[in-house]
Structure formats: structure tokens, C-alpha cells
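S.K.:
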Amino acid sequence: MQSSNNCVFLAGCSGGLGTEVCRKLCENGYKVKGLIQNENDKELCKQCGCTDCCVGDMTDLQVKDYEMMLEGCNMIIDCSGAMSTSSKEIKMVEFEATKRLVEAACNKGINRFISVSALGCDNPEGQLVCNTCKSNKQYAQQQCNSDNCISKCDKLNYTIFRVGDLTDEEGSHKVFLSSKITPTEKLERYCLSRKDLADIIVKSLNCNNCFNSIIEVVNCDKAGAKTIDEAIKNFHKTELPQQATWGSQQQQGITV
Numbered sequence: 089m090q091s092s093n094n095c096v097f098l099a100g101c102s103g104g105l106g107t108e109v110c111r112k113l114c115e116n117g118y119k120v121k122g123l124i125q126n127e128n129d130k131e132l133c134k135q136c137g138c139t140d141c142c143v144g145d146m147t148d149l150q151v152k153d154y155e156m157m158l159e160g161c162n163m164i165i166d167c168s169g170a171m172s173t174s175s176k177e178i179k180m181v182e183f184e185a186t187k188r189l190v191e192a193a194c195n196k197g198i199n200r201f202i203s204v205s206a207l208g209c210d211n212p213e214g215q216l217v218c219n220t221c222k223s224n225k226q227y228a229q230q231q232c233n234s235d236n237c238i239s240k241c242d243k244l245n246y247t248i249f250r251v252g253d254l255t256d257e258e259g260s261h262k263v264f265l266s267s268k269i270t271p272t273e274k275l276e277r278y279c280l281s282r283k284d285l286a287d288i289i290v291k292s293l294n295c296n297n298c299f300n301s302i303i304e305v306v307n308c309d310k311a312g313a314k315t316i317d318e319a320i321k322n323f324h325k326t327e328l329p330q331q332a333t334w335g336s337q338q339q340q341g342i343t344v
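Okay, so the sequence shown: first residue is 89 according to this note's numbering, each after it adds one.
#1: Run the CB neighbour count on GLN231, radius 10 Å, all protein chains shown included, and call it buried at 16 or more, exposed below.
#2: Should the region 126-142 be regarded as contacting the region 169-187, the criterion being three or more beta carbon pairs within less than 8 Å?
#3: Name the two residues that bound the continuous alpha helix (DSSP H) containing GLU318.
#4: For the beta strand (DSSP E) holding THR255, just list the boundary residues, first then last.
#5: Among LEU113, CYS138, ILE124, which has the Cα closest to the Cα of ASP148?
#6: Suppose contacts are defined by Cβ-Cβ distances below 8 Å. Is ASN219 in contact with ASP256 by that definition?
#7: Applying the 10 Å Cβ sphere with the 16-neighbour rule, what's the burial state of ASP145?
#8: For the region 222-241 against the region 281-295, are there 3 or more C-beta pairs whose distance is under 8 Å?
#9: Specify the secondary structure class of LYS243 as computed by DSSP and reduced to three states.
#10: In angstroms, rounded to a whole number, what distance separates the CA positions of SER223 and ILE269?
#11: Report buried or exposed for THR326, applying the criterion of at least 16 other Cβ atoms within 10 angstroms of its Cβ.
#12: Under the DSSP definition of a beta bridge, which residues are partnered with GLY122?
#13: Of all the options SER301, GLY259, LYS321, THR186, which has the alpha carbon lying nearest to the alpha carbon of ASP287?
#14: Could you spell out the range, first to last residue, of the beta strand (DSSP E) harbouring ARG200?
#15: Please report the straight-line C-alpha distance between GLU127 and LEU285, rounded to a whole angstrom.
#16: Use the C-beta contact count for ASP317: other C-beta atoms within 10 angstroms, 16 or more gives buried, fewer gives exposed.
#17: Would a C-beta distance cut-off of 8 Å place ARG188 and VAL217 closer than the cut-off?
#18: Which of helix, strand or coil does DSSP assign to ILE269?
#19: Given a threshold of 16 other Cβ atoms within 10 Å of its Cβ, counted over all protein chains shown, does GLN215 qualify as buried or as exposed?
#20: Whole angstroms is fine: what's the gap from ARG111's alpha carbon to CYS209's?
#21: Using alpha carbons as the reference points, say which of ARG250, CYS308, LYS262 lies closest to CYS298.
#22: Rounding to the nearest angstrom, what Cα-Cα distance links SER102 and ASP140 in this structure?
#23: Give the DSSP bridge partners of MET163, in chain order.
#24: Which of the three DSSP states, helix, strand or coil, is assigned to VAL217?
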């Protein structure tokens, strides 16, 4: 059980993943200040244990707005996601809003920052790509830009989880977790239950192994798959070779 002095600012608190994370945080003794888009979502957050909600549209919120919302918090988890396929909204939610939240966190002296990203966003033409990135290159681009914004900020102690397609399945508690999942792993599918991801996020908050890391994770039922506790405990950050940049893909009509 964590100290009640830990207060987590949870962006996307009322979403499918956000509610699972909120519930898990409250079960583990964290206080939660949730960011929601509509007043009507307050009751849902309350049912998950969060009674302190900020209402705002991430496409409109500015750095000063986030700074006020972050008052009293010492950790940030960003579970937000664009609900539209509009290129403008995807850029605003997946990148611009993240950039403003990162700036506000730095201004407020909050360094622990966890973000949820997408498997394959750094290489949507590769073999190991979630369906969202595979079908929407604009989404992949902005998600990758967001990851770069977070990971290149030297004031943050960050963890970025690049995850497979999220499901509503009951958690299997068996995962494959690595700095980079490779085709040699021969996984049958690249999915992850929201319940398992919520468990992973909360358990990684104070885990030194996960600090300043980009971690790829999917559910895995293969022999030798680790439990969530084992996977986090045994995770070791690996220095990866330089990834192809989005600039090299501008010839395909993708604008950075």
C-alpha cells in the first residue's frame, strides 16, 4: 500500500483504460486527480475511487491550465487518446496536448511521468505494429512525436509503454515485456488487456527498473511468458540502435 501523500494526475481518467488505472491506483492507496472532458463523467470516476476531477478538453487546454490542475500532484499518468480520425484532432490530442502537459509538469517540478503509446508507432511499416498504427499513419506519426517529446526532456523521470491493441478481456497476467519486441519472438497476436496494462502501469510507478525507459508490452500465453510482477522485476533497459526517423518517410506524403 502506497503513502497517501502520493497524488497522481490521471489524464483520460474516464476512458476505457483510464477507469481501470484509476481503480487500480485507488486500490493501492494513491490519491487520484482525474482529468475528464465532460461533467457527466464525474460519477463514473467516483465509482472508480476518484472524487477530485478537473473538467477540460485537451485540445483547448494550455500550459497554464495544466499547471493549475497539477497543484497537489507529484506524479502524472497520461491515458488520453484521440477519439476521432481527424488529422487535426489526432495531432492536438496525441502530440500538442502532451507537449503542453510535459511543459506544465516541468514548471511544477513534477518529474514522474508515465505515458501510454502504441506498438510500432516508430516504424508503422514494420512487422510488429498495432492495428491502429498500421491503418492510420498520421496517428503513428503523432504518437511517435509525443514519445520523443517525453523521452528527450531531461527533467522527466519517464516511462513510455508502447502497447499492442487494447482489449476488454479479463487480464491473463501473462505478458511479454521488452525494450524492443522482435519478430523472432513469434507471437501470435499483438494485443494487451486494459486490466493487465493498468496493473503494469501502477506497479511501474515506483519501480527503478522502469525509469527513463520505453517499454513494449503485449499479452503472451507462450511457454516461458512471465507474470506481470516477474516481467517488471526482471526488465532491464536495452540501448537500442537508432530508429528510422519520420523525416525519412516524408516522401510517402507524411508531414512532420
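Built from N, CA and C at the ideal position, the CB exists for glycine as well.
M.R.: This is what the structure holds:
#1: Buried, by the Cβ-count rule.
#2: These segments do not touch.
#3: In the DSSP assignment, GLU318 falls within the unbroken alpha helix (DSSP H) covering 316-322.
#4: Residues 253-255.
#5: The option with the nearest alpha carbon to ASP148 is ILE124.
#6: In this structure, ASP256 does not lie closer than 8 Å to ASN219 by Cβ.
#7: Taking all protein chains in view, the Cβ of ASP145 is surrounded by fewer than 16 other Cβ atoms within 10 Å, so the residue is classified as exposed.
#8: With a cut-off of 8 Å on Cβ pairs, the region 222-241 is not in contact with the region 281-295, counting fewer than three such pairs.
#9: Here LYS243 sits in coil by DSSP.
#10: Straight-line spacing of the CA atoms in SER223 and ILE269 works out to 20 Å.
#11: Counting Cβ neighbours within 10 Å, THR326 comes out exposed, since fewer than 16 surround it.
#12: Under DSSP, the beta-bridge partners assigned to GLY122 are LEU98, CYS141.
#13: Checked all of SER301, GLY259, LYS321, THR186; the closest Cα to ASP287 is GLY259.
#14: First-last of the beta strand (DSSP E) with ARG200: 200-206.
#15: C-alpha separation (whole angstroms): 26 Å.
#16: With fewer than 16 neighbouring CB atoms inside 10 Å of its own CB, ASP317 falls in the exposed class.
#17: VAL217 sits away from ARG188, with the two beta carbons spaced by 8 Å or more.
#18: Coil.
#19: The residue is exposed, with fewer than 16 neighbouring Cβ atoms inside 10 Å.
#20: So the alpha carbons of these two residues sit roughly 28 Å apart.
#21: Distance check between CYS298 and each of ARG250, CYS308, LYS262 places ARG250 closest, using alpha-carbon atoms only.
#22: In this model, SER102 and ASP140 are separated by some 12 Å (Cα to Cα).
#23: In DSSP, MET163 forms a bridge with VAL96, ARG200.
#24: Here VAL217 sits in coil by DSSP.
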